[in-house]
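Heads up: the sequence lines are chains A and B, in that order. The first sequence begins at 1 in our numbering and counts up one residue at a time. The second sequence begins at 1001 in our numbering and counts up one residue at a time.
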Amino acid sequence: MSAERRVETRQYLLGFGVALLLTGAAFAAVYWQKFAALPTLGIVFALGLTQVIVHIRFFLHVGFKKSAREDLQLILFSALIIALMVSGTLVLLLNLRGRML
Amino acid sequence: MSTGEVRHVGLNLGATDAIAHRKAERAVFGFWVFLMSDAVLFALLFATYGSMLGATAGGPTAAAEFKLGSALFETLILLASSFTFGMASIAMKYRKAGESLAPLLVWLGVTLALGMTFLGMELHDFVGMFQAGAYPSRSGFLSAFFALVPLHGLHVFGGSLWVLVMMVQLASLGADAQVKINILKLGLFWHFLDIVWIAIFSVVYLQGLIR
């Protein structure tokens, strides 16, 4: 087995292990709920966001290498668009809901 | 080619000629653009779901309909399938010309089986929900739920069909440059679906089950 292959296999294993831990932590936080609803939700979302980044890094192999930067920029730009549209939708619709009830 | 010089993100093709590498670079970038447009679509369905959370119209609520155990099991199955697809990508990259295709086909087969298991479990969940009176037209909340989660399931179904097609192509055409580029794209798609699922289990299932 070549050194490069070993490194890449280890990356998948590492990503898989970390993802398992994060998933387990998120489900445990809800199953054995210790905190109030809002802090628990914050924990779950923070763990989920971390896991998304772990997947992008270790499964999709997006990094900071020069040749991969175009793709990284595409992802970051899409993330910006998504953040704008999702937060805009939520603010507008929840505000509207509040006014109508 | 060493790890230092990659033409695009992700695992690159193994030993191959420069033309195939250039083709792969363009194909992979183009596929990333598609994936991101798909991500926008999912994101807006998430936003719709978020704004519909309270709109249960006196019908079944999230806490009553979602089951933590089956959500966890589905999550683990999809995560495992993402890992086995990674192993398939590695088997493809380091297969030398003339070597057996068996490891690649086996890993793809395992991925396909896990994908189908996931779909079976999800379908079982939906049938249970329908029997409990939680169908899409019952409330705004359920409409949003059934627009979002089954769309992901549909993607997994499409991905599973694609895995099957690639296995047939590998068996009939062999691992030529075009087939390998398509498997590269399928890999991105499969890992992307797992990322969407992270958002689903966090935003839909876990949020719904917090007391």
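The C-beta atom is built at its ideal place from N, Cα and C for all residues, glycine as well.
State the DSSP-derived secondary structure class of residue i, mapped to helix, strand or coil.
| i | result |
| --- | --- |
| residue 64 of chain A | coil |
| residue 1125 of chain B | helix |
| residue 1134 of chain B | coil |
| residue 1052 of chain B | coil |
| residue 1026 of chain B | helix |
| residue 101 of chain A | coil |
| residue 1046 of chain B | helix |
| residue 57 of chain A | helix |
| residue 35 of chain A | coil |
| residue 1210 of chain B | coil |
| residue 48 of chain A | helix |
| residue 1120 of chain B | helix |
| residue 1058 of chain B | coil |
How should residue i be labelled, buried or exposed, when 16 other C-beta atoms within 10 angstroms of its C-beta is the threshold for buried?
| i | result |
| --- | --- |
| residue 1176 of chain B | exposed |
| residue 39 of chain A | exposed |
| residue 1130 of chain B | exposed |
| residue 100 of chain A | exposed |
| residue 12 of chain A | buried |
| residue 1172 of chain B | exposed |
| residue 73 of chain A | exposed |
| residue 1019 of chain B | exposed |
| residue 1206 of chain B | buried |
| residue 1152 of chain B | buried |
| residue 61 of chain A | buried |
| residue 1180 of chain B | buried |
| residue 2 of chain A | exposed |
| residue 1003 of chain B | Here the model assigns residue 1003 of chain B a pLDDT of 42, short of 50, so the residue's position is not dependable, and the following value carries that caveat. That one is exposed. |
| residue 1145 of chain B | buried |
| residue 1099 of chain B | exposed |
| residue 1156 of chain B | buried |
So which of the options has the shortest CA-CA distance to residue i?
| i | options | result |
| --- | --- | --- |
| residue 8 of chain A | B/1086, B/1133, B/1026 and B/1053 | B/1086 |
| residue 1056 of chain B | B/1206, B/1096, B/1137 and B/1172 | B/1137 |
| residue 1154 of chain B | B/1038, B/1028 and B/1051 | B/1038 |
| residue 77 of chain A | B/1204, B/1040 and B/1109 | B/1040 |
| residue 55 of chain A | B/1203, B/1195 and B/1207 | B/1195 |
| residue 17 of chain A | B/1110, B/1076 and B/1102 | B/1076 |
| residue 1070 of chain B | A/75, A/22 and A/27 | A/27 |
| residue 10 of chain A | B/1065, B/1067, B/1048 and B/1083 | B/1083 |
| residue 1148 of chain B | B/1045, B/1023, B/1208 and B/1022 | B/1045 |
| residue 96 of chain A | B/1025, B/1051 and B/1142 | B/1051 |
| residue 29 of chain A | B/1068, B/1031, B/1192 and B/1023 | B/1068 |
| residue 1209 of chain B | A/51, A/33, A/75 and A/50 | A/33 |
| residue 1115 of chain B | B/1201, B/1163 and B/1033 | B/1163 |
| residue 1187 of chain B | B/1047, B/1088, B/1106 and B/1054 | B/1088 |
| residue 57 of chain A | A/19, A/92, A/90 and A/80 | A/19 |
Taking Cβ positions only, does residue i come closer than 8 Å to chain B?
| i | result |
| --- | --- |
| residue 99 of chain A | no |
| residue 37 of chain A | yes |
| residue 48 of chain A | yes |
| residue 25 of chain A | no |
| residue 18 of chain A | no |
| residue 64 of chain A | no |
| residue 6 of chain A | no |
| residue 73 of chain A | no |
| residue 80 of chain A | no |
| residue 94 of chain A | yes |
| residue 60 of chain A | yes |
| residue 41 of chain A | yes |
| residue 21 of chain A | no |
| residue 90 of chain A | yes |
Strictly under 8 Å for the Cβ-Cβ distance: is residue i near chain A by that measure?
| i | result |
| --- | --- |
| residue 1146 of chain B | no |
| residue 1131 of chain B | no |
| residue 1029 of chain B | yes |
| residue 1142 of chain B | no |
| residue 1094 of chain B | yes |
| residue 1033 of chain B | yes |
| residue 1036 of chain B | yes |
| residue 1003 of chain B | Note that residue 1003 of chain B scores a pLDDT of 42, beneath 50, so its modelled location is shaky; the value from the coordinates is reported in the next line. Answer yes: the Cβ-Cβ gap between residue 1003 of chain B and chain A drops below 8 Å somewhere. |
| residue 1296 of chain B | What is shown of chain B runs 1001 to 1211, which leaves residue 1296 of chain B out entirely. |
| residue 1087 of chain B | yes |
By the DSSP assignment, the alpha helix (DSSP H) with residue i in it spans what residues?
| i | result |
| --- | --- |
| residue 14 of chain A | 3 to 31 |
| residue 1065 of chain B | 1062 to 1065 |
| residue 1180 of chain B | 1177 to 1200 |
| residue 1163 of chain B | 1140 to 1173 |
| residue 1101 of chain B | Counting along the chain, residue 1101 of chain B falls outside any alpha helix (DSSP H), and DSSP gives it neither H nor E. |
| residue 1071 of chain B | 1068 to 1093 |
Should residue i be listed as close to the ligand MG, given that the test is whether its C-beta is under 7 Å from any heavy atom?
| i | result |
| --- | --- |
| residue 1134 of chain B | With respect to the ligand MG, the structure shown offers nothing to examine, as it has no ligands at all. |
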